[in-house]
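In what follows, a single structure is set out as structure tokens and then discussed.
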Amino acid sequence: MMEFIEWLASTSSSVALRESLYLYPWIESAHVLFIAIFFGTLLFVDLRLSGYVFKELSITEMNKKVLPLTIIGFILMCLTGFLLFYAIPIRNYQNLFFRIKIILMIIAGLNAYYFHRTMNRESKTWDKDSHIPFVMKFSAVSSLLLWSLVIISGRMIAYNWFDCDRQPQSEIINFLTSCIVETELYESLDGI
């Protein structure tokens, strides 16, 4: 996998994006904007389905109005996130927080799949008697928690606490970040 990441970093588009004076910051700003659109609209849906707020709103009607914005925000957030990864692929690939973010996104995606599959089947009955099952409330709260953790871990990517060039580090950190460490070099430095 590392060979592919190194090749990706050497492509002319990746280098141009990485070295661009304005494009990279614009993409970064757009990424934050699309995160706000995605999470802001998701917040409405999840808070409504948790049963604590917006109780007078119809779930079906709210989803018709809010869900398209959530999907657009998600797609654009992922697109700009991919471009940010593409600009600095080696550092991102070996970043512990990036890996945590990807794992959390997969879990949040599975939760969203379950959530929407169940909601599409049963939301009309919830609109009538306004009783939302506990499992769906739990899924809504889990969604908020998971996406919040995705945003936090994404923000932590900027910090280089566990970068491969910060050696020596524990073996578990080097393993989790796929760092290749030449131990003889660091053992000889310890003797100095």
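Mapping of the sequence shown onto the working numbering: residues 1255 to 1446, in sequence order.
The beta carbon of each residue, even a glycine, is placed where N, CA and C say it ideally should be.
Bear in mind that the values here come from a model prediction, so they are computed numbers and not experimental data.
Next item on the list: Determine the direct distance from the alpha carbon of residue 1434 to that of residue 1424, and round the result to whole angstroms.
Entry: 12 Å
Check: Given residue 1259, which residues of its chain have a CB within under 7 Å of its CB, disregarding the five upstream and five downstream residues?
Finding: 1343, 1344 and 1347
Next item on the list: Report yes if the CB atom of residue 1282 is closer than 9 Å to the CB atom of residue 1338, and no otherwise.
Entry: yes
Next item on the list: With DSSP as the reference, label residue 1267 as helix, strand or coil.
Entry: helix
Notebook entry, point to check: Ends of the alpha helix (DSSP H) at residue 1315?
Noted result: 1313-1341
Next item on the list: Could you pull the start and end residues of the alpha helix (DSSP H) that residue 1425 belongs to?
Entry: 1425-1430
Check: What do you reckon, are the CB atoms on residue 1464 and residue 1359 nearer than 9 Å?
Finding: Only positions 1255 to 1446 of the chain appear in this structure, which leaves residue 1464 out of reach.
Check: Which first and last residues belong to the alpha helix (DSSP H) in which residue 1279 is found?
Finding: 1277-1304
Note to self: Among the candidates 1368, 1415 and 1421, whose CA atom is the shortest distance from the CA of residue 1397?
What the structure shows: 1368
Notebook entry, point to check: Based on Cα-Cα distance, which residue from 1303, 1268 and 1332 lies nearest to residue 1291?
Noted result: 1332
Note to self: Using only the alpha-carbon positions, how far apart do residue 1321 and residue 1265 sit?
What the structure shows: 37 Å
Checklist line | Coarse secondary structure for residue 1258, derived from DSSP in three states | finding: helix
Next item on the list: Consult DSSP for residue 1404 and reduce its assignment to one of helix, strand or coil.
Entry: helix
Item checked: Cβ-based burial, residue 1407 [other Cβ within 10 Å; buried from 16] -> buried
Notebook entry, point to check: I think residue 1334 touches residue 1293, with their Cβ atoms under 8 Å apart; what is that distance to the nearest whole Å?
Noted result: 14 Å between Cβ atoms; not a contact.
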